[in-house]
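Residues -29 to -1, 1 to 232 in mature numbering (1 follows the signal peptide of the UniProt record, and there is no 0) are what the sequence shown lists, from first letter to last.
Heads up: the structure comes next, in structure tokens.
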Amino acid sequence: MISTRIARTVHVAAMAAAFAGAFAAAAVADESNANKSGGNGRPEGVRGRQALIKVSGEGRATAAPDMAIVQLSVVKDAKSAREALDANNKAMAEVLSALKQGGIAERDLQTSGFAINPQYNYPQGNDGTNRPPELIGYQVVNGVTVRVRDLSNLGEILDKSVTLGINQGGGIEFTKDKPDEVITEARKAAVSDAIVKAKVLAEAAGVSLGRLIEISEQASRPEPVPMVRSMAKEFAADAVPIATGENAYNVTVNVTFAIEQ
């Protein structure tokens, strides 16, 4: 009986000591946090956060294109799919042969679409109701993408293509085969623009611009805007008139600077 009371007393004393130690540790932690916050109740990490200036810069550079990407198609209609396909094959073979003779390399010719489509007539009865559709023939479409690297020959190539059977397409995109240099110019202009903006903001705020923290380019790659020109046989004269103009390449960068305190 006496030994049981002694054991209970020892157990209670141990628990009291444990609670006292926990309270003491909490008090030390509170005091430490108060010291770090400088007595204003804010953690040191928040109080000491570095001030930054973040800006976006835009750069633009232009250059004359040196290559054209043209979309051409042959469309043939006939009573049967076989007849339409044979007529289409004959016309496209002549077009491809003429393009190669005109200096277009094999690597610059690529089939870009092929389709055989049934053609239907949708008649109406005398009472105005719709009758079942009637199959009246087939249409075969064969498309080719042509890269023209000598723009001085582009008008003549388009003219010959129409003469030989091209009767649909005409989408033209003027571009540069190797645009790296002009894109580099646009990047430099974008960074310069960002630096100027950052300096203006710093001066307006009455602070000094510090070191560069981060710089990044937006993911979208600049592309020239395509020019679309429709074509039909009535355009076939001495040569199709072409205006190449210039391509614009735009680059945007995001730049972060530190502010000197």
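Even for Gly, the Cβ is constructed at its ideal location relative to N, Cα and C.
Remember, predicted model here, so these are calculated numbers, not experimental data.
- For Ser132, the closest alpha carbon among the candidates Leu23, Val26, Leu43 and Ala55 is that of Leu43.
- Within the same chain, and ignoring the five residues on either side of Gly181 in sequence, the residues whose Cβ sits closer than 8 Å to its Cβ are Phe228, Ala229, Ile230 and Glu231.
- Pairing Val112 with Ala62, the inter-Cα distance amounts to about 11 Å.
- Unbroken beta strand (DSSP E) runs of no fewer than 3 residues, entirely contained in the segment 41 to 113, are found at 80 to 92, following chain order.
- Take Ile75, set aside five residues on each side of it, and the residues of its chain with a beta-carbon closer than 8 Å to its own are Val117, Arg118, Val119 and Ile128, in chain order.
- DSSP places Glu127 within a helical segment (H, G or I) once states are collapsed to three.
- With a beta-carbon spacing of about 5 Å, Ala157 and Tyr220 fall inside the 8 Å limit used to define contacts.
- When DSSP states are grouped into helix, strand and coil, Ile166 belongs to the helix group.
- With a threshold of 16 other beta carbon atoms within 10 Å, Ile87 falls short and is exposed.
- Residue burial is scored here from C-beta neighbours: Asn97 has fewer than 16 other C-beta atoms within 10 angstroms and is therefore classed as exposed.
- Pairing Asp121 with Thr33, the inter-Cα distance amounts to about 20 Å.
- Ser68 and Thr146 have their alpha carbons spaced roughly 25 Å apart.
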